[in-house]
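Read through the structure below, which is laid out as structure tokens, and then see the notes.
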Amino acid sequence: MRNRIKVYLGDITKLEVDAIVNAANRSLLGGGGVDGAIHRAAGKQLLAECKTLGGCQTGEAKLTKGYNLPAKFVIHTVGPVWRGGNNRETELLANCYRNSLQLAVQNEVKTIAFPAISTGVYGFPKQKAAQIALREVANFLKNNKQLKQVIFVCFDNENYQIYQQGLDEI
Ligand code: AR6
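First residue of the sequence shown: 708, per the numbering used here; consecutive thereafter.
Next comes the structure, spelled out in structure tokens:
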């Protein structure tokens, strides 16, 4: 199971995987951060498809094609905004990972890459977010043989160190 999880430092839009996950907002109509990067790299058709989806609730996930991205699909999920930790943030972030993985499996995805959902403008503490991400993915992989590779994409050195350490503890 451990060899099916990788940590990568870099830009998620460059990865040749079956699906990349987008840390979106409830409108699904684009934004800054990784969401902006994904929309720019995928092209205008991605926004056009997103407009047909009717938004997405926090913790839920929706799938689109990848258009100009090397990835075949984008799985859009909406992480919680960190409001101190007593507003179901942990549960909602765990739901993002679980629901994204479930949607991936339903679409025959074998390789998938996640950004560090909610740890940018949504302010979720990085260490805590990484623990949740690693735990949910490890639990999912235990019960699923279809997914061959899950990549945690870190955009900054701090997240990269945190994930590497977390992975060593699995
Ligand atoms: N590849 C991988 N990771 C990235 C990239 C990239 N190209 N760019 C940024 N990150 P954020 P959130 C990292 O703010 O906190 C948007 O406006 C970034 O360093 O993108 O879930 C949406 O529309 C950080 O570690 O997402 C929402 O309104 C992580 O991705 C809101 O931001 C997530 O940071 C969502 O906030």
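Ideal Cβ positions, reconstructed from N, Cα and C, are used throughout, including at glycine.
Owing to the predicted nature of the structure, the values given are computational and were not obtained by experimental measurement.
Assuming residue i and residue j form a contact by the criterion Cβ under 8 Å, report the distance between their Cβ atoms to the nearest whole angstrom.
i	j	result
leucine 776	alanine 749	5 Å
alanine 836	alanine 823	6 Å
Would residue i and residue j be called neighbours here (beta carbons separated by less than 7 Å)?
i	j	result
alanine 820	valine 860	yes
tyrosine 804	glutamate 865	no
arginine 790	cysteine 763	no
alanine 731	aspartate 742	yes
lysine 817	lysine 758	no
glutamine 834	isoleucine 877	no
histidine 783	lysine 772	no
valine 781	asparagine 814	no
leucine 800	serine 825	yes
glycine 740	glycine 830	no
glutamine 871	valine 714	yes
alanine 778	alanine 726	yes
leucine 848	arginine 711	yes
With distances taken from CA atoms, which of the options is nearest residue i?
i	options	result
arginine 709	Val857, Asp863 and Ile869	Val857
glutamate 767	Ser807, Tyr774, Asn850 and Asn814	Ser807
glycine 738	Lys849, Leu754, Gly761 and Ala726	Leu754
leucine 735	Asn846, Glu723, Arg711 and Gly761	Gly761
lysine 721	Thr765, Asn850, Tyr774 and Glu756	Tyr774
glutamine 880	Tyr867, Lys852 and Glu756	Residue 880 lies beyond the stretch modelled for the chain, which goes from 708 to 877, so this question has no answer here.
threonine 765	Glu796, Asn850 and Leu716	Glu796
Could you tell me if residue i is buried or exposed, where buried requires 16 or more neighbouring beta carbons within 10 angstroms of its beta carbon?
i	result
proline 832	exposed
glutamate 798	exposed
asparagine 802	buried
glutamate 723	exposed
Any C-beta of chain B sitting closer than 7 Å to the C-beta of residue i?
i	result
glycine 761	Here there is only one protein chain, and chain B is not present.
Inside the region 757-842 only - beta strand (DSSP E) runs reaching at least 3 residues
The qualifying runs are 768-772, 780-785 and 818-821.
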